[in-house]
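One gets my numbering by counting positions in the sequence shown from 1 and adding 865 to each. Here's the structure we're looking at; comments come further down.
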Amino acid sequence: MNRLLVTSGATIEPVDGIRYLTNFSSGKTGATIADEFNSAGWEVIYLHGQNAALPNGTSIQKIPFSSFQDLRSTMHTVLSQVHFTAAIHSAAVSDFSIEKVISGGIEHTPGERGKLSSGNDLNVTFKKNPKLLDVIKEFSINKKIFVVGFKLSLEKDRNIQKEIAEQAAANPNIDALVYNDMNDIQTNTHKATIYHNGFSNRVEKKTQLAQTLRTLLGEMT
């Protein structure tokens, strides 16, 4: 049985009991990918942000996550206990977590219960998060797991886009890369380029991306 781990949607980094920092990721791409593989007979586990789109497949196991640390812990647990054929890491993971919050001159623990006063200035200190993409093989019980990473940029210059994509694709911890730029993502289109073994394949929509990845992983397994 081929098994696939998909991460999807956004992490959230809590400021206080009701406020948090996140990004715009909807999780629709990850949900589309999960359904494509599920319909092809793969067993799929779907790790998703709290507000992410969910796949339709009823046999897909869906596990929510919140912060970067929560996602990291969940990935470690699942990867170390289940033998996955492949992992597609499409989640939009925050590059930073909140280290401390100072309101009205008083330091507070990030995410602590209650609401910080809106009448005070708020000073937030961030800390850099390591890349989860780099530890998937390390966490995995299957050291030969096929890892697909995602890279998103916001750059209009096509030459610079290509440089960003090729640099990301050279990561030794992944086997393939999906590169996309915010300028190419619209309501009805999601242009992306898949890099694998020195070759690239351009797709126009989420469904085409999912189908191409399923074909690629089918050839590799």
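Beta carbons: idealized from backbone N, C-alpha and C, even for Gly.
7 Å CB neighbourhood of residue i in its chain, flanking five on each side removed
| i | result |
| --- | --- |
| ARG978 | GLY882 |
| LYS1021 | ASN1048 |
| LYS893 | ALA918 and LYS1071 |
| LYS980 | ASP881, GLY882 and ILE883 |
| GLU964 | THR990, PHE991 and LYS992 |
| ASP999 | ASN1038 |
Cross-strand partners of residue i (DSSP beta bridge)
| i | result |
| --- | --- |
| GLU972 | ILE967 |
| GLY906 | GLY906 pairs with nothing; no bridge assigned. |
| PRO929 | HIS913 |
| ILE1059 | VAL1043 and ASN1066 |
| ALA875 | ALA957 |
| ILE1050 | HIS1055 |
| ARG868 | GLU908 |
| SER1018 | ASP1046 |
| LEU1132 | Nothing can be reported for residue 1132, as the shown portion of the chain is limited to 866 through 1086. |
Contacting residues, own chain, Cβ-Cβ under 6 Å from residue i (five flanking each side not counted)
| i | result |
| --- | --- |
| SER962 | GLU878, PHE933, LYS992 and ASN994 |
| MET866 | GLU908 |
| LEU869 | PHE902, TRP907, VAL909 and ALA951 |
| SER891 | ALA918 |
| ALA905 | ARG1079 |
| ASN988 | ILE967 |
| PHE1015 | SER955 and VAL1043 |
| PRO975 | PRO879, ILE963 and VAL966 |
| ASN921 | ASP900 |
| ILE1006 | SER945 and HIS948 |
Span separating the alpha-carbon of residue i from that of residue j
| i | j | result |
| --- | --- | --- |
| LEU1042 | TYR1060 | 5 Å |
| HIS973 | LEU997 | 27 Å |
| ASN1038 | ILE1001 | 8 Å |
| PHE1004 | ASN1024 | 35 Å |
| VAL966 | GLY984 | 15 Å |
| LYS1008 | GLY969 | 49 Å |
| ILE1010 | SER955 | 16 Å |
| LEU1019 | MET940 | 27 Å |
| ALA899 | ALA1030 | 24 Å |
| GLN1051 | ASN888 | 17 Å |
| THR923 | SER873 | 17 Å |
| GLN1032 | SER982 | 44 Å |
| ILE971 | ASP986 | 11 Å |
| TYR911 | LEU1082 | 17 Å |
| THR897 | HIS1055 | 12 Å |
| ALA875 | LYS927 | 15 Å |
| LEU936 | ASN1053 | 29 Å |
| ASN1036 | GLY1063 | 12 Å |
| GLU1084 | SER959 | 32 Å |
| SER938 | LYS1027 | 33 Å |
| ASP1040 | LEU886 | 31 Å |
| LEU1017 | ALA957 | 9 Å |
| THR1077 | SER1065 | 12 Å |
| THR942 | ALA1034 | 26 Å |
Cβ distance (whole Å) where residue i is taken to contact residue j below 8 Å
| i | j | result |
| --- | --- | --- |
| PHE902 | ARG1079 | 6 Å |
| PRO929 | HIS948 | Between HIS948 and PRO929 the Cβ distance is about 23 Å, and since that is not below 8 Å, they are no contact. |
| GLN915 | SER931 | 6 Å |
| VAL1013 | ILE925 | Going by Cβ atoms, the distance from VAL1013 to ILE925 rounds to 17 Å, so no, they are not a contact pair. |
Spatial neighbours of residue i in its chain, beta-carbon cut-off 8 Å, leaving aside the 5 residues before and after
| i | result |
| --- | --- |
| ALA1057 | VAL1043, TYR1044, ASN1045, ASP1049, ARG1067, VAL1068 and LEU1074 |
* **Whole beta strand (DSSP E) elements within the segment 940-1014, 3-residue minimum** => The segment 940-1014 contains these whole beta strand (DSSP E) runs: 951-954, 961-968, 971-973 and 987-993.
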